[in-house]
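Here the sequence shown is numbered in my numbering, starting from 67 and rising by one per residue.
Glycine included, C-beta positions come from ideal geometry on N, C-alpha and C.
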Amino acid sequence: MLIRIGLPIAGGHLAAAARRLGAPVLISANALSRPWPRKHRGEHGWPGFRQPSAALAGLDVALDSAGFVAMSRYRGYPWPVDAYVRLAGAHPWSWWAAMDLCCEPEIARDRDEVQLRIAGTCRLLSACRRVAGDLGVTPPTPVLQGWLACDFVRCADRLPLPDWPDLVGLGSMCRRRTGGLDGIVAIVDRLDQVLPAHVRLHLFGVKSAAIALLAGHPRIASTDSQAWDFTARKTCGAANDMAHRARCMQTWYARQRQHLRAPAHAITPALPFEAPRDGDLFDEAWFDLVAAGEIDPETVNPQRLWESRCNADND
Numbered sequence: 067m068l069i070r071i072g073l074p075i076a077g078g079h080l081a082a083a084a085r086r087l088g089a090p091v092l093i094s095a096n097a098l099s100r101p102w103p104r105k106h107r108g109e110h111g112w113p114g115f116r117q118p119s120a121a122l123a124g125l126d127v128a129l130d131s132a133g134f135v136a137m138s139r140y141r142g143y144p145w146p147v148d149a150y151v152r153l154a155g156a157h158p159w160s161w162w163a164a165m166d167l168c169c170e171p172e173i174a175r176d177r178d179e180v181q182l183r184i185a186g187t188c189r190l191l192s193a194c195r196r197v198a199g200d201l202g203v204t205p206p207t208p209v210l211q212g213w214l215a216c217d218f219v220r221c222a223d224r225l226p227l228p229d230w231p232d233l234v235g236l237g238s239m240c241r242r243r244t245g246g247l248d249g250i251v252a253i254v255d256r257l258d259q260v261l262p263a264h265v266r267l268h269l270f271g272v273k274s275a276a277i278a279l280l281a282g283h284p285r286i287a288s289t290d291s292q293a294w295d296f297t298a299r300k301t302c303g304a305a306n307d308m309a310h311r312a313r314c315m316q317t318w319y320a321r322q323r324q325h326l327r328a329p330a331h332a333i334t335p336a337l338p339f340e341a342p343r344d345g346d347l348f349d350e351a352w353f354d355l356v357a358a359g360e361i362d363p364e365t366v367n368p369q370r371l372w373e374s375r376c377n378a379d380n381d
């Protein structure tokens with residue numbers, strides 16, 4: 067399992083610190099987004115991406131689309147698909163993740179919204195693959211989305227892939243517990259039963275407890291986390307300077323490496339697979355329209371969707 071250090075800044079002292087550690091890293095697209103002028107934010111549209119820094123040259127670095135940040139901070143991706151794919155073609159990333167729609171409870175507040183966002187993730191993968199083909203960019207790494215294990219299985223069933231690649235991302239992991247029906251172990255366990263044998267997973271944003279528990283799992287290729295920078299902010303005292311942040315990065319990375327060297331934990335079998343309850347399955351016709359790009363998932367009102375479903379049942 068590779069442990070990728072999540073870098074909040076695309077270059078500079080933190081990239082140099084990761085290089086000294088010999089660590090692979092992950093950069094969020096948001097770290098490469100040009101800032102809006104403070105007084106005119108959003109008035110003139112998104113200002114575009116900066117070019118990747120020369121400080122990243124020679125690093126094992128992957129690119130993430132910053133889905134959760136985009137949804138929580140901007141209420142949607144501020145950058146269009148073609149701009150993101152051009153960024154993916156602007157640097158020799160080890161891999162770049164397709165844009166996706168995260169399903170954390172603070173973003174997807176009910177089961178219909180989760181299903182909408184799974185369908186939207188399928189749509190975005192199609193769009194990223196299409197633009198990448200037009201621009202001659204290496205295809206993106208697909209991302210599976212959902213909240214319960216059954217959601218991720220459904221996403222895997224519906225992703226528009228001609229063939230399964232060796233690596234697939236697993237999103238909406240950062241704020242998730244390890245156990246239970248919506249826990250990381252249950253999701254990995256269920257996907258292990260249904261994915262082709264050669265497919266391995268990158269787990270976005272998992273914490274130390276999950277890394278320690280899942281170390282050695284044959285399905286998991288890599289994880290990433292920026293938890294070290296949260297620790298730096300909590301322990302900074304008078305100033306959270308780059309030297310302090312680099313020390314926190316080094317300490318955190320050494321601890322994760324210790325987890326990988328420790329004897330493998332016996333993973334408690336996941337709870338029985340939970341099938342969706344009545345009303346949990348987003349209507350297939352709507353799902354197909356969203357996945358095909360005929361409907362934008364961020365413009366669908368789940369309440370109206372539910373009302374239309376009830377009206378159809380009554381007719």
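field: Closest Cα partner of residue 292 within the set 274, 306, 309 and 284
entry: Working through the sequence shown from its first residue, we reach residue 292 at position 226. Among 274, 306, 309 and 284, the Cα nearest to that of residue 292 belongs to 274.
task: Go through its chain and collect everything with a Cβ distance to residue 75's Cβ below 7 Å, but skip five positions before and after it.
output: Within the sequence shown, numbered from 1, the residue matching residue 75 stands at position 9. Around residue 75, the same chain offers 97 as residues with beta carbons nearer than 7 Å, after the five sequence neighbours per side are excluded.
query: Name the DSSP beta bridge partners of residue 99, please?
result: One-based indexing of the sequence shown puts residue 99 at position 33. Per DSSP, 115.
- request: Answer yes or no: the CB of residue 224 versus the heavy atoms of the ligand ZN, is any distance below 8 Å?
  value: With respect to the ligand ZN, the structure shown offers nothing to examine, as it has no ligands at all.
- request: Could you check if residue 270 is buried or exposed, using at least 16 other CB atoms within 10 Å of its CB as the buried criterion?
  value: Translated into positions along the sequence shown, residue 270 becomes position 204. A buried status is given to residue 270, since no fewer than 16 other beta-carbon atoms sit within 10 Å of its beta-carbon.
- prompt: Buried or exposed: where does residue 211 fall if 16 or more other Cβ atoms within 10 Å of its Cβ makes it buried?
  reply: For the purposes of this step, residue 211 is taken as residue 145 along the sequence shown, with counting starting at 1. In this structure residue 211 is buried. Its beta-carbon is surrounded by 16 or more other beta-carbon atoms within 10 angstroms.
Host alpha helix (DSSP H) of residue 253 (start-end): Here residue 253 refers to the residue found at position 187 of the sequence shown. Annotation: the continuous alpha helix (DSSP H) that includes residue 253 extends over 250 to 260.
message: Considering Cα atoms alone, identify which of 81, 176 and 208 is closest to residue 214.
response: Residue mapping note: residue 214 aligns to position 148 of the sequence shown, counting from 1. Residue 214 has its Cα closest to that of 176, out of 81, 176 and 208.
query: If we count the other Cβ atoms within 10 Å of its Cβ and call it buried at 16 or more, is residue 299 buried or exposed?
result: Start at 1 with the first residue of the sequence shown, and residue 299 comes out as number 233. Counting other Cβ atoms within 10 Å of its Cβ, residue 299 stays below 16 and is therefore classed as exposed.
query: How is residue 94 classed by DSSP in three states: helix, strand or coil?
result: Counted from its first residue, the sequence shown places residue 94 at position 28. Three-state DSSP puts residue 94 in a strand.
- prompt: What are the residues that DSSP puts in a beta bridge with residue 162?
  reply: For this step, residue 162 is matched to residue 96 along the sequence shown. DSSP output for residue 162 lists 129 as bridge partner(s).
- request: For my contact list, residue 266 and residue 286 are in at a C-beta cut-off of 8 Å; report their separation, rounded to the angstrom.
  value: By 1-based counting over the sequence shown, the position of residue 266 is 200. By 1-based counting over the sequence shown, the position of residue 286 is 220. Confirmed, Cβ separation roughly 7 Å.
field: Reference residue 235, options 180, 132, 88 and 77, closest by Cα
entry: In the sequence shown, the residue the question calls residue 235 occupies position 169. Ranking 180, 132, 88 and 77 by CA distance to the CA of residue 235 puts 132 first.
query: Roughly how many whole angstroms lie between the Cα atoms of residue 225 and residue 244?
result: Here residue 225 corresponds to residue number 159 of the sequence shown, with the count starting at 1. Here residue 244 corresponds to residue number 178 of the sequence shown, with the count starting at 1. Using only the alpha carbons, I get a separation of about 25 Å.
message: Between the alpha carbons of residue 198 and residue 154, how many angstroms are there, rounded?
response: Looking up residue 198 in the sequence shown gives position 132. Looking up residue 154 in the sequence shown gives position 88. Straight-line Cα distance between these residues: approximately 9 Å.
Separation of residue 252 from residue 219, as counted between CA atoms: Taking the sequence shown and counting its residues from 1, the one referred to as residue 219 is at position 153. Taking the sequence shown and counting its residues from 1, the one referred to as residue 252 is at position 186. A straight-line Cα-Cα distance of about 12 Å links residue 219 and residue 252.
message: Below 8 Å on the Cβ atoms is my contact criterion, and I expect residue 386 with residue 112 to pass it. Report the Cβ-Cβ distance as a whole number of Å.
response: Only positions 67 to 381 of the chain appear in this structure, which leaves residue 386 out of reach.
task: Excluding the 5 residues preceding and the 5 following residue 114 in the sequence, name in chain order all residues of the same chain whose CB lies nearer than 6 Å to its CB.
output: Here residue 114 is taken as the residue at index 48 of the sequence shown, counted from 1. Residues of the same chain with a CB within less than 6 Å of the CB of residue 114, apart from the 5 flanking positions on each side, are 100 in chain order.
query: Using the C-alpha atoms, what's the distance from residue 187 back to residue 159?
result: Counting from 1 along the sequence shown, the entry for residue 159 is found at position 93. Counting from 1 along the sequence shown, the entry for residue 187 is found at position 121. Approximately 22 Å between the Cα atoms of the pair.
- request: Spell out the partners DSSP gives residue 286 in its beta bridges.
  value: Working through the sequence shown from its first residue, we reach residue 286 at position 220. Residue 286 is bridged to 267.
- request: If I'm right that residue 308 touches residue 79 with Cβ under 8 Å, what's the distance once you round it to whole angstroms?
  value: To locate residue 308, count along the sequence shown from 1; it is residue 242. To locate residue 79, count along the sequence shown from 1; it is residue 13. Indeed, because the Cβ distance is near 4 Å, the residues count as touching under 8 Å.
field: Opening and closing residue of the beta strand (DSSP E) in which residue 234 lies
entry: If you number the sequence shown from 1, residue 234 lands on position 168. Per DSSP, residue 234 belongs to the beta strand (DSSP E) from 233 to 236.
Burial state of residue 84 (16 or more Cβ within 10 Å): Counting from one through the sequence shown, the residue named residue 84 turns up at place 18. By the neighbour-count rule (16 or more Cβ atoms within 10 Å), residue 84 is buried.
message: Check for me: the beta strand (DSSP E) holding residue 68 runs from which residue to which?
response: In the sequence shown, residue 68 corresponds to position 2, counting from 1. Note, residue 68: beta strand (DSSP E), 68 to 73.
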